[in-house]
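The structure appears right after this line, and notes come after that.
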Amino acid sequence: MCLAIPGKIVELDAQNAHLAVVDVVGVRRKVDLGLLLEQFPVPGDWVLIHVGFAMSKISEADALDQMRTLRMLGEADAAMEEVRGYGLENEEQDAPGQGRIQ
Amino acid sequence: MRFVDEFRAPELISKAGEEIRRLADPHRHFRIMEVCGGHTHAIYRFGLKDLLPENVELIHGPGCPVCVLPMGRIDDGLSLAAKPDFIFAAFGDMMRVPGTHGSPLEYKARGMDVRIVYSPADALKLARSNPEKHVMFFAIGFETTAPSTALTLMRAKAEGLRNFSVFCNHVTIIPAIRAILDSPDMRLDGFVGPGHVSTVIGCRPYDWIAKDERKPVVVSGFEPLDILQSIVMLLRQLRDGEAKVENQYKRVVPWEGNLAALRAMAEVFELRPYFEWRGLGFISQSALKIRASYAQWDSEQRFSVPGVRVTDPKAAQCGEVLKGVLKPAQCKLFGRECTPEQPVGALMVSSEGSCAAYYNYEHRKPVTIASAAAN
């Protein structure tokens with residue numbers, strides 16, 4: 000829970016202003032942006048996600064660093080399991096052959 | 000050199016190690032606490048202790064939410080899971096944590112409806128899709144996860160969703176640090192401050208540690224270089240007789256924290272007069288409870304909860320390890336009765352727990368920075 004998962008905002012949800020589709024190495028899930036009201040992200044921005052909520056905006060370089068840290072910590076699989084679990088069922092289309100933090 | 004190559008700026012890592020050895024006055028012994036369980040995990044995983052001189056000692060702090068939760072709270076939460084038409088939802092980290100009569104997973108095996116969720120928002124979703132049942136989210140965590148629970152409760156209230164509640168075990172890091180500093184058997188020289196908790200609370204809440212206790216605090220990232228740089232910054236302050244709060248993790252942690260997250264927490268939560276922590280005992284104003292204005296969504300206000308207090312299994316020394324008085328391997332059960340596969344105490348369950356980290360990385364001794372560099 001202490002480690003954050005980096006993801007890229009793909010699109011804002013048309014129905015729910017506080018939700019956005021986020022891409023985490025190809026796995027796409029909805030996350031909640033309600034805790035980023037002060038610096039609301041736009042598509043293309045990178046965020047750090049904790050338990051389904053984006054908690055901070057970061058640079059792309061820092062997002063890549065964070066992915067590498069997760070992999071080095073042996074937490075990459077757990078992180079991807081968490082991301083896949085968001086939303087209870089697989090609503091979003093993952094990019095083909097993705098989902099591994101390389 | 001397999002591992003070394005993967006780290007950001009390996010040459011800087013060696014330099015930081017050299018700088019630490021240069022700064023660490025051989026006539027002194029430095030005791031530095033890393034507060035956050037994520038840092039504990041990283042320190043063991045990367046073998047950072049091997050890069051430190053003997054007189055720089057890292058003490059593992061209380062920042063593992065699963066570890067500090069006393070068994071009585073787990074029993075209380077699980078007592079509700081036995082109610083008819085009840086769904087007990089919790090993060091995966093909680094599922095193998097032992098209660099008196101078993102872990103949530105064992106309750107599930109006995110037929111109770113226990114579900115893993117990865118977000119409090121998904122517990123809310125479960126409630127929407129199971130209107131005939133009550134969904135209770137067993138919430139744990141420090142300020143990293145508390146804002147998400149708060150926002151979820153705000154959403155539940157806005158929707159008027161009646162079959163959802165939260166069993167709130169959220170704790171706050173500052174009173175735990177105060178309790179450790181007040182403990183007579185603990186002498187510390189400085190703190191590696193938590194990274195992601197600080198994205199929420201910012202750096203100001205640590206001011207008193209520097210001003211009143213005269214101990215330096217450096218908020219740190221999680222990469223090997225981050226942690227080593229933080230130790231360098233702490234040792235520099237100690238050499239110069241300074242005590243201030245510094246932010247090594249500026250790329251993620253704003254000095255003021257996350258205002259939207261703090262607002263959500265203030266809307267939903269208030270401080271409990273006191274709360275029991277495993278190992279640290281009762282600490283005043285150290286945990287969050289749900290405000291009366293959200294009583295309908297508070298499992299404890301809505302249902303009758305036994306409020307049990309349970310002492311840990313006698314032989315297990317989780318408390319001493321949590322306080323930093325004992326190292327994991329000094330516990331009588333470590334690696335024998337208590338392993339990650341068959342945990343007796345919570346510190347062996349979570350990857351952020353110091354016992355699990357020690358068991359997985361130190362006990363089994365994988366390739367680390369120091370050993371890889373030597374090859």
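Quick note, the sequences are listed as chains S and X, same order. At position 18 of the first sequence the residue is numbered 17 (numbering that gives the first Met the number 0), and the sequence of numbers has no breaks. At position 262 of the second sequence the residue is numbered 261 (numbering that gives the first Met the number 0), and the sequence of numbers has no breaks. Even glycine gets a Cβ: it sits at the ideal position worked out from N, Cα and C.
Could you tell me which chain X residues have their CB closer than 8 Å to the CB of S:Glu37, listed as they occur along the chain?
Correct list: Asn257, Leu258 and Ala259.
Given this structure, state the Cα-to-Cα distance separating X:Tyr360 from X:Arg235, to the nearest angstrom.
The straight-line gap from Cα to Cα measures roughly 29 Å.
What whole-angstrom Cβ distance do X:Ala345 and X:Cys317 have, given they're in contact under 8 Å?
X:Ala345 to X:Cys317, Cβ: 7 Å. Contact.
Let me know if X:Ser128 comes out buried or exposed under the rule of 16 or more other beta-carbons within 10 Å of its beta-carbon.
With fewer than 16 Cβ atoms within 10 Å of its Cβ, X:Ser128 is classed as exposed.
Pick from X:Glu18, X:Arg154 and X:Pro83 that is closest to X:Leu233, judged by C-alpha positions:
It is X:Glu18.
Roughly how many angstroms lie between the CA atoms of X:Ala89 and S:Glu80, to the nearest whole one?
Cα to Cα, the separation comes out at about 15 Å.
Taking the alpha carbon of X:Phe45 as the point to measure from, which residue in X:Asn246, X:Ala259, X:Leu227 and X:Val67 has its own alpha carbon closest?
That would be X:Leu227, whose Cα lies nearest to the Cα of X:Phe45.
Please compile the residues from chain X whose C-beta is within a distance smaller than 7 Å of the C-beta of S:Gly6.
Chain X residues near S:Gly6: none, gap ~13 Å exceeds 7 Å.
Got a sec? Which residues, its chain only, sit under 6 Å from X:Cys354 by beta carbon, not counting five neighbours each side?
Result list for X:Cys354: Pro327, Leu346 and Met347, in chain order.
Rounded C-alpha distance that separates X:Asp121 from X:Asp239:
About 50 Å.
Measuring CA to CA, which of X:Phe141, X:Leu125, X:Leu187 and X:Arg213 is closest to X:Leu160?
Of the listed residues, the one whose Cα sits closest to X:Leu160 is X:Leu125.
According to the neighbour-count rule (16 or more other Cβ atoms, all chains shown, within 10 Å of its Cβ), is X:Thr99 buried or exposed?
In summary, X:Thr99 is exposed, with fewer than 16 beta-carbon neighbours lying within 10 Å of its beta-carbon over all protein chains present.
Can you tell which of X:Ile86, X:Ser219, X:Pro193 and X:Asp184 has its C-alpha closest to the C-alpha of X:Pro64?
Taking only the C-alpha atoms, the option nearest X:Pro64 is X:Pro193.
Please list, in chain order, the residues of the stretch 139-167 of chain X that have any C-beta partner in chain S closer than 7 Å.
Within the stretch 139-167 of chain X, the qualifying residues are Gly140, Thr143, Thr144, Pro146, Ser147 and Leu150.
Any beta-carbon of chain S closer than 8 Å to the one on X:Arg44?
X:Arg44 counts as touching chain S.
Who are the near neighbours of X:Gly140 in its chain, counting only those whose CB is closer than 7 Å to its CB and skipping five residues on each side?
Shown here for X:Gly140: same chain residues with a beta carbon closer than 7 Å to its own, the five before and five after excluded, namely Pro64 and His169 in chain order.
How many angstroms separate the CA atom of S:Gly43 from the CA atom of S:Ser58?
Take the alpha-carbon of S:Gly43 and the one of S:Ser58: they are about 10 Å apart.
Every unbroken beta strand (DSSP E) within the stretch 191-225 of chain X, with a cutoff of 3 residues, ordered by chain:
Counting whole runs of 3 or more residues, the stretch 191-225 of chain X contains the beta strand (DSSP E) stretches 216-218.
May I ask you to report which of helix, strand or coil DSSP gives X:Ile19?
Taken through DSSP and simplified to helix, strand or coil, X:Ile19 comes out as helix.
Chain S contacts from the stretch 117-138 of chain X (Cβ-Cβ distance under 9 Å)
The stretch 117-138 of chain X vs chain S, Cβ under 9 Å: Tyr117, Ser118, Pro119, Ala120, Asp121, Lys124, Leu125 and Ser128.
Using a Cβ cut-off of 9 Å, pull out every chain S residue sitting near X:Ala263, in sequence order please.
Among the residues of chain S, those whose CB is under 9 Å from the CB of X:Ala263 are Gly33 and Leu34, following chain order.
Distance between X:Cys35 and X:Val309 (C-alpha atoms, nearest Å)
If you take the alpha carbons of X:Val309 and X:Cys35, they lie about 25 Å apart.
Between the C-alpha atoms of X:Trp254 and X:Asn246, what's the straight-line distance to the nearest angstrom?
A straight line joining the alpha-carbon of X:Trp254 with that of X:Asn246 spans about 8 Å.
Can you pull the DSSP bridge partners for X:Lys288?
Beta-bridge partners of X:Lys288 (DSSP): X:Glu269.
State yes or no: is the beta carbon of S:Gly51 nearer than 8 Å to at least one beta carbon in chain X?
Yes - at least one Cβ of chain X is within 8 Å of the one on S:Gly51.
Contacts of X:Arg250 in chain S (Cβ-Cβ under 9 Å):
Taking a Cβ-Cβ cut-off of 9 Å, the neighbours of X:Arg250 in chain S comprise Ile57, Ser58, Ala60, Asp61 and Asp64, given in sequence order.
S:Pro5 in three-state terms, based on DSSP:
Look at S:Pro5 here: in three-state DSSP terms it is strand.
X:Val244, DSSP secondary structure in three states
Annotated three-state conformation of X:Val244 is strand, per DSSP.
Is the distance from the Cβ of X:Ile86 to the Cβ of X:His133 below 8 Å?
Closer than 8 Å, so yes.
Contact list for the stretch 209-237 of chain X against chain S, Cβ threshold 7 Å:
Listed by position along the chain: Phe221 and Glu222.
Opening and closing residue of the beta strand (DSSP E) in which X:Val65 lies
Per DSSP, X:Val65 belongs to no beta strand (DSSP E); it is in the alpha helix (DSSP H), Pro64 to Val67.
Collapsed DSSP secondary structure at X:Cys354 in the structure displayed:
Three-state DSSP puts X:Cys354 in a helix.
What do you get for X:Ala41, buried or exposed, if any count of 16 or more other CB atoms within 10 angstroms of its CB means buried?
Buried is the call here.
Short CB-CB distance (under 8 Å) between X:Thr198 and chain S
Yes, contact with chain S.
For the stretch 164-179 of chain X against the stretch 277-287 of chain X, do three or more pairs of beta-carbon atoms, one drawn from each stretch, fall closer than 8 Å, so that the two count as touching?
Judged by Cβ distances under 8 Å, the stretch 164-179 of chain X makes contact with the stretch 277-287 of chain X, as three or more pairs qualify.
Taking the straight line between their C-alpha atoms, what separation do you get for X:Tyr208 and X:Glu56?
Per the sequence shown, residue 208 of chain X should be read as Ile rather than Tyr. C-alpha separation (whole angstroms): 19 Å.
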